[in-house]
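Here's the structure we're looking at; comments come further down.
Numbering (our numbering), first residue to last: 23 to 588.
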């Protein structure tokens with residue numbers, strides 16, 4: 023790789039960054055079963071290798087800019103779940119995640135102290151052992167603010183963060199998958215797949231609902247020619263009232279009469295020869311047997327080809343707040359309109375008839391555009407679908423987060439502050455939560471969020487790897503191969519402590535407990551192994567709350583362990 027040392031590249035380090043990112047993403051695709059390095063670790067390894075050859079120091083704010091983008095996007099993503107977890111109903115999983123995270127910090131600090139590691143190796147041991155990539159940035163940032171440390175010493179210690187992370191991360195990824203998906207269920211002599219299947223059946227039975235169940239919540243549109251004399255003569259309002267009384271959801275959205283198409287009007291009286299466009303839940307339509315009661319089904323493209331719409335509506339009307347979906351769908355403005363989704367604070371509540379609707383919830387309405395638009399105005403405020411990012415909102419959040427981390431307190435004569443990185447994370451949590459409560463502004467599409475999060479962290483670790491590359495081998499010699507052993511201990515001990523507490527004290531169902539442990543330690547490889555072994559997505563049900571809390575706490579531990587090992 024002599025060509026990397028060519029003087030041509032030294033004035034253009036950005037070219038090495040792009041090369042390293044490409045190599046890192048390619049390396050991250052290497053997969054064995056459900057375990058892969060991932061893009062972040064791939065970029066770090068590629069950076070260390072290329073940096074050891076190129077020996078180019080990349081200065082400037084590029085690292086900080088991209089890392090703050092990543093932290094804000096992370097907070098924005100988990101903010102709704104994080105604050106929702108702090109409520110009473112999420113307390114057991116919050117406690118479990120807290121125990122795992124505190125045990126991880128305590129274990130990393132204890133063994134780093136035993137081995138005599140400085141702040142750099144300690145932070146890297148924590149980040150790699152607990153597979154939290156953001157510790158690289160937070161730990162390096164904290165090292166740069168340590169009092170009494172020269173710039174050269176701070177730079178060397180920051181490089182050691184990447185060295186220790188690169189050494190301990192592979193085992194930090196593999197061991198949780200082996201422990202959670204294999205060893206622990208076998209020790210208990212429990213069948214993870216069988217218990218997941220039983221739990222899935224229980225949940226399905228508990229959540230059965232004619233509008234939400236598989237095969238029933240399928241909305242159909244049919245055309246029927248009225249040739250049954252007993253059916254003619256009633257109004258659309260009378261027909262829909264009969265169906266409501268019978269517990270069925272059938273609506274006449276419009277009709278054709280003598281070549282003319284008439285829009286939905288409740289007082290329109292049905293006549294023989296009319297062709298009706300009937301919108302319904304599939305199961306209700308089958309139960310009604312429209313062929314017997316109305317007439318022959320027909321194909322009328324013009325009648326059925328009207329504009330339909332699926333619209334997200336934020337509940338703002340006080341008269342709607344507190345109502346159940348069962349009572350809401352019987353309102354006069356709801357005929358022909360179906361509730362297809364129910365979201366609160368970023369969480370999918372699924373559609374249940376007895377679920378109450380609160381202000382700030384988002385309901386997904388579907389049906390004829392004219393009827394959906396009218397219903398949306400009665401319920402609240404429509405949320406337009408847009409692929410544009412609200413850059414005023416995002417940039418303001420990054421600015422305020424950075425400002426939050428600037429003020430410093432003094433403890434024992436040493437400056438103590440949140441740091442701009444922790445400030446960006448906290449402000450991301452707040453802004454993400456606000457967005458979930460008032461989703462009519464602050465739009466950050468999933469693709470833009472992915473770019474901010476993934477590319478932000480990958481660019482950061484790429485620069486870290488390139489800068490640390492020349493010192494990787496000397497740093498590894500300094501740390502010694504026992505670093506692998508300490509990393510395995512840091513990975514395993516918190517999981518075992520969390521498992522003992524969740525199993526013997528909280529008595530959580532095994533699939534949920536194992537998923538919660540994977541979430542608390544933010545290891546997606548372990549979750550993949552769990553769902554593969556369980557042959558079900560049931561373990562993922564326990565992941566959301568611990569994953570949100572784990573991301574926040576483990577990221578902040580990067581600063582804490584540096585202060586403990588300074």
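Glycine included, every Cβ here is placed at the ideal spot set by N, Cα and C. Just so we're clear, the structure is a prediction, and the values are computed from it rather than from any experiment.
Endpoints, alpha helix (DSSP H) assigned at residue i
i: residue 315; result: 312–315
i: residue 113; result: 113–137
i: residue 297; result: No alpha helix (DSSP H) holds residue 297; the beta strand (DSSP E) holding it covers 297–303.
i: residue 77; result: Taken as a continuous stretch (DSSP letters only), residue 77 belongs to no alpha helix (DSSP H), as it is neither H nor E.
i: residue 528; result: Run containing residue 528: none; DSSP gives neither H nor E here.
i: residue 158; result: 156–166
i: residue 40; result: 35–50
i: residue 503; result: Per DSSP, residue 503 belongs to no alpha helix (DSSP H) and is neither H nor E.
i: residue 481; result: 478–490
i: residue 195; result: 173–200
i: residue 471; result: 468–472
i: residue 546; result: 546–556
i: residue 566; result: 566–586
Close beta carbons around residue i, own chain, < 6 Å, minus the five adjacent residues each side
i: residue 39; result: 484
i: residue 243; result: 301 and 326
i: residue 474; result: 91 and 95
i: residue 528; result: 114
i: residue 120; result: none
i: residue 523; result: 121
i: residue 459; result: 382
i: residue 557; result: 215
i: residue 555; result: 203 and 214
i: residue 363; result: 386
Nearest residue (CA-CA) to residue i, options the options
i: residue 66; options: 494, 410 and 575; result: 494
i: residue 147; options: 135, 130 and 80; result: 130
i: residue 514; options: 83, 117, 445 and 202; result: 202
i: residue 78; options: 199, 98, 37 and 61; result: 37
i: residue 404; options: 531, 468 and 395; result: 395
i: residue 87; options: 531, 509, 481 and 183; result: 481
i: residue 187; options: 171, 351, 337 and 509; result: 509
i: residue 310; options: 579, 97, 268 and 281; result: 268
i: residue 501; options: 45, 184 and 526; result: 184
i: residue 456; options: 159, 534, 174 and 416; result: 416
i: residue 388; options: 413, 400 and 359; result: 359
i: residue 298; options: 249, 402 and 263; result: 249
i: residue 275; options: 286, 282, 139 and 266; result: 286
i: residue 70; options: 487, 251 and 531; result: 487
Residue i - partner residues in DSSP beta bridges
i: residue 389; result: 331
i: residue 285; result: 276
i: residue 378; result: 346
i: residue 403; result: 336
i: residue 246; result: 298 and 319
i: residue 241; result: 303
i: residue 291; result: 257
i: residue 360; result: 388
i: residue 270; result: Paired residues: none, contrary to the question.
Buried or exposed (CB count within 10 angstroms, at least 16 for buried), residue i
i: residue 542; result: buried
i: residue 425; result: exposed
i: residue 284; result: exposed
i: residue 102; result: buried
i: residue 334; result: buried
i: residue 8; result: There is simply no residue 8 to check, as the chain begins at 23 and stops at 588 in what is shown.
i: residue 136; result: exposed
i: residue 357; result: buried
i: residue 315; result: exposed
i: residue 172; result: exposed
i: residue 352; result: exposed
i: residue 271; result: buried
i: residue 449; result: buried
i: residue 208; result: exposed
Chain-order list of residues whose beta-carbon lies under 7 Å from that of residue i (same chain, five-residue window excluded)
i: residue 165; result: 141, 142, 176, 179, 180 and 584
i: residue 411; result: 465, 466, 467 and 470
i: residue 559; result: 553
i: residue 504; result: 137
i: residue 397; result: 355, 356, 359 and 387
Proximal residues to residue i (C-beta, below 8 Å), its chain only, five neighbours per side dropped
i: residue 41; result: 72
i: residue 549; result: 537, 540, 541, 561, 562 and 565
i: residue 125; result: 515, 516, 519 and 520
i: residue 544; result: 152, 153, 154, 569, 572, 573 and 576
i: residue 345; result: 378 and 379
i: residue 586; result: 131 and 144
Residue i Cβ short of 7 Å to the ligand NAP heavy atom set
i: residue 70; result: This structure does not include the ligand NAP; it has no bound ligands of any sort.
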